[in-house]
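J.: First the structure, then my questions, so here it is.
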Amino acid sequence: AICPPTLPTFAMPSCHTATKMMLAWQLVGLCLIHAVAEQDMCKAKGCSTRTSRDHLLLQVSKPTLLDVSRGNMALPAANESDPQIYIKVMSYNLMGWSSFNANTWKGQNVLGKINALGPDILGAQEVEMGGWGYQEVENLVSEATGLSFAGGSQFFRPQSLEVVETDWAKLVGGYWMSMVLYKHKGTGNHILFYDSHWKHGHGMEQAKIISEKIQKDREKYGSPPTVLVGDTNQFCKGYELEAIRYLTGREGSSPVVFADVHEEDKGRSFSDTNNPDCRVDFILASTGQWSVVQASIDRVGMGAWGAASDHAPLLAHLVPIFAD
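When we follow the numbering used here, the leftmost residue of the sequence shown carries the number -15, and every step to the right adds one.
Pasting the structure below:
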């Protein structure tokens, strides 16, 4: 099969024949409209077979979209009539130790996804080479995508946004949450954006640190529209666990309540041999302050044995609802 010229092409590593065969099947998945079985792919590596639904054609530049027209999403539907108003938000764990060190060919695909999806704000995690090389990867992402580095593993499109202030909060065990107050150039208004990488477990402890910090900031800055993204490491169905339930107002009394932008998609955002079907990554938006044009999860090439990161990037086109 010959891929259409507009379809992004994944980089291929220099490796032994079995690995090349496995990766070839992944590339075929980019060219076909029907599902491709993964069993043959995994024989060479002994990896777990993925669910067949993830092998539907999901072009990197046109990921499968959630239907926001039905009115039962966590956020109200909007239309994309004014591109100066909506903001493309992305969360992506780059798997830096692999993408930018052990398997740099995967890094080309990770950067290709960012370019193809074209976020205005990227909340990334693992922007490093395995405990080192943080600045090198920050520079690489900026050079490859045209996004500017805001600090705290956040990147932004300078044509759309301007950094006003930044901050940082410690979570459990060296994990973190970063804050950037952005000025939205299209309207002159402000938004708060939080990127986070949580420690495994400790869900409620970290959720409370996060919610209290965000509420304090919202009081300081006049409660602007707020987004929280990140890799929560809440295995394995994070949306069922107490931390996400707390932040989305389904359990306890969080001082700030969010909507899960991808609420209708319960599919995986992380996959490895031991955890083949996990949802640990989220985009959460403050309730009553956003509407959604479209939301998607790009699962092409994801997973520990995939052609990019072991996480899938999450994307949402959001329209802020600013106070008068």
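C-beta atoms are modelled at their ideal positions from N, C-alpha and C, and glycine is treated no differently.
#1: Pull up the DSSP beta-bridge partners for N77, would you.
#2: Beta carbon of G222, beta carbon of S75: below 8 Å?
#3: Where F139 and S132 are concerned, what is the direct C-alpha to C-alpha distance, given to the nearest angstrom?
#4: Check this for me: beta carbons of V284 and L268, under 8 Å apart or not?
#5: Put F139 into one of helix, strand or coil per three-state DSSP.
#6: Do you know whose CA, among S82, E248, I193, lies nearest W152's CA?
#7: State the start and end residues of the unbroken alpha helix (DSSP H) segment that holds S126.
#8: Compare the beta carbon distance of F266 and I228 with 8 Å and say whether it is the shorter of the two.
#9: Does the distance from the C-beta atom of D282 to that of K72 stay below 8 Å?
#10: Does the beta-carbon of P142 have 16 or more other beta-carbons within 10 angstroms, so that it is buried, or is it exposed?
#11: Would you mind working out which of N217, D201, W116, V94 sits nearest M188, comparing C-alpha positions?
#12: In whole angstroms, give me the CA-to-CA distance for K167 and L299.
#13: Within this structure, are the beta carbons of N259 and F219 separated by less than 8 Å?
#14: Just reading off the alpha helix (DSSP H) that L231 is part of, what are its end residues?
#15: Is L155 helix, strand or coil when you go by DSSP?
#16: Considering only the alpha carbon of each residue, which of G135, K154, G130 lies closest to S144?
#17: Please state whether DSSP places K183 in a helix, a strand or coil.
#18: So what does DSSP say about E247, is it helix, strand or coil?
#19: Please report how far the alpha carbon of E203 lies from the alpha carbon of W81, in whole angstroms.
#20: Could you check what DSSP says for M188 in three-state terms: helix, strand or coil?
#21: Since F254 and H295 should fall inside the 8 Å C-beta cutoff, what is the C-beta to C-beta distance between them, to a whole number of angstroms?
#22: On the DSSP bridge assignment, give the partners of C262 in chain order.
#23: Pick helix, strand or coil for K200, following the three-state DSSP scheme.
#24: Out of P208, K200, Q273, S137, which one is the CA nearest neighbour of V111?
#25: If distances are taken between C-alpha atoms only, which option among R234, Y230, A288 comes closest to D256?
#26: Thinking C-beta only, is E224 closer than 8 Å to E235?
T.: Let's see:
#1: Start at 1 with the first residue of the sequence shown, and residue 77 comes out as number 93. Beta-bridge pairing links N77 to Q109.
#2: Here residue 222 refers to the residue found at position 238 of the sequence shown. Here residue 75 refers to the residue found at position 91 of the sequence shown. Against a cut-off of 8 Å, the Cβ pair of S75 and G222 comes out as no contact.
#3: One-based indexing of the sequence shown puts residue 139 at position 155. One-based indexing of the sequence shown puts residue 132 at position 148. Between F139 and S132, the C-alpha separation is close to 5 Å.
#4: Here residue 284 is taken as the residue at index 300 of the sequence shown, counted from 1. Here residue 268 is taken as the residue at index 284 of the sequence shown, counted from 1. Contact: no.
#5: Counted from its first residue, the sequence shown places residue 139 at position 155. Here F139 sits in strand by DSSP.
#6: The residue you call residue 152 lines up with position 168 of the sequence shown. When only C-alpha atoms are compared, the closest one is I193.
#7: By 1-based counting over the sequence shown, the position of residue 126 is 142. Run containing S126: 118 to 129, per the alpha helix (DSSP H) assignment.
#8: Along the sequence shown, read from residue 1 onward, the residue named residue 266 stands at position 282. Along the sequence shown, read from residue 1 onward, the residue named residue 228 stands at position 244. In contact: F266 and I228 (Cβ atoms closer than 8 Å).
#9: Within the sequence shown, residue 282 is the residue found at index 298, counting from 1. Within the sequence shown, residue 72 is the residue found at index 88, counting from 1. Taking 8 Å as the Cβ cut-off, D282 and K72 do not qualify as a contacting pair.
#10: Against the sequence shown, residue 142 aligns to sequence position 158. By the neighbour-count rule (16 or more Cβ atoms within 10 Å), P142 is not buried but exposed.
#11: For the purposes of this step, residue 188 is identified with residue 204 of the sequence shown, where counting begins at 1. Ranking the options by Cα distance to M188, first place goes to N217.
#12: The residue labelled residue 167 in the question sits at position 183 within the sequence shown. The residue labelled residue 299 in the question sits at position 315 within the sequence shown. Computed Cα separation, rounded: 20 Å.
#13: For the purposes of this step, residue 259 is taken as residue 275 along the sequence shown, with counting starting at 1. For the purposes of this step, residue 219 is taken as residue 235 along the sequence shown, with counting starting at 1. Yes.
#14: Indexing the sequence shown from 1 puts residue 231 at position 247. Residues 226 to 231.
#15: Here the question's residue 155 lines up with position 171 in the sequence shown. Coil.
#16: Taking the sequence shown and counting its residues from 1, one reaches residue 144 at position 160. Of G135, K154, G130, the residue nearest in Cα terms is G130.
#17: Taking the sequence shown and counting its residues from 1, the one referred to as residue 183 is at position 199. It is coil, neither helix nor strand.
#18: Looking up residue 247 in the sequence shown gives position 263. In the structure shown, E247 sits in coil (DSSP, three-state: anything other than H, G, I, E or B).
#19: Working through the sequence shown from its first residue, we reach residue 203 at position 219. Working through the sequence shown from its first residue, we reach residue 81 at position 97. Rounded to the nearest angstrom, the two C-alpha atoms are 37 Å apart.
#20: On the sequence shown, residue 188 is found 204 positions in, with the first residue counted as 1. Of the three classes helix, strand and coil, the one that applies to M188 here is helix, per DSSP.
#21: Position 270 of the sequence shown holds residue 254. Position 311 of the sequence shown holds residue 295. Yes, F254 and H295 are in contact; Cβ-Cβ is about 5 Å, under 8 Å.
#22: In the sequence shown, counting from the first residue as 1, residue 262 sits at position 278. C262 pairs with F254.
#23: Locating residue 200 in the sequence shown gives position 216, where the first residue counts as 1. The answer is helix: DSSP assigns K200 an H, G or I state.
#24: By one-based count along the sequence shown, residue 111 stands at place 127. V111 has its Cα closest to that of S137, out of P208, K200, Q273, S137.
#25: For this step, residue 256 is matched to residue 272 along the sequence shown. Of the candidates R234, Y230, A288, the one whose C-alpha sits nearest the C-alpha of D256 is A288.
#26: Along the sequence shown, one-based indexing puts residue 235 at 251. Along the sequence shown, one-based indexing puts residue 224 at 240. Against a cut-off of 8 Å, the Cβ pair of E224 and E235 comes out as no contact.
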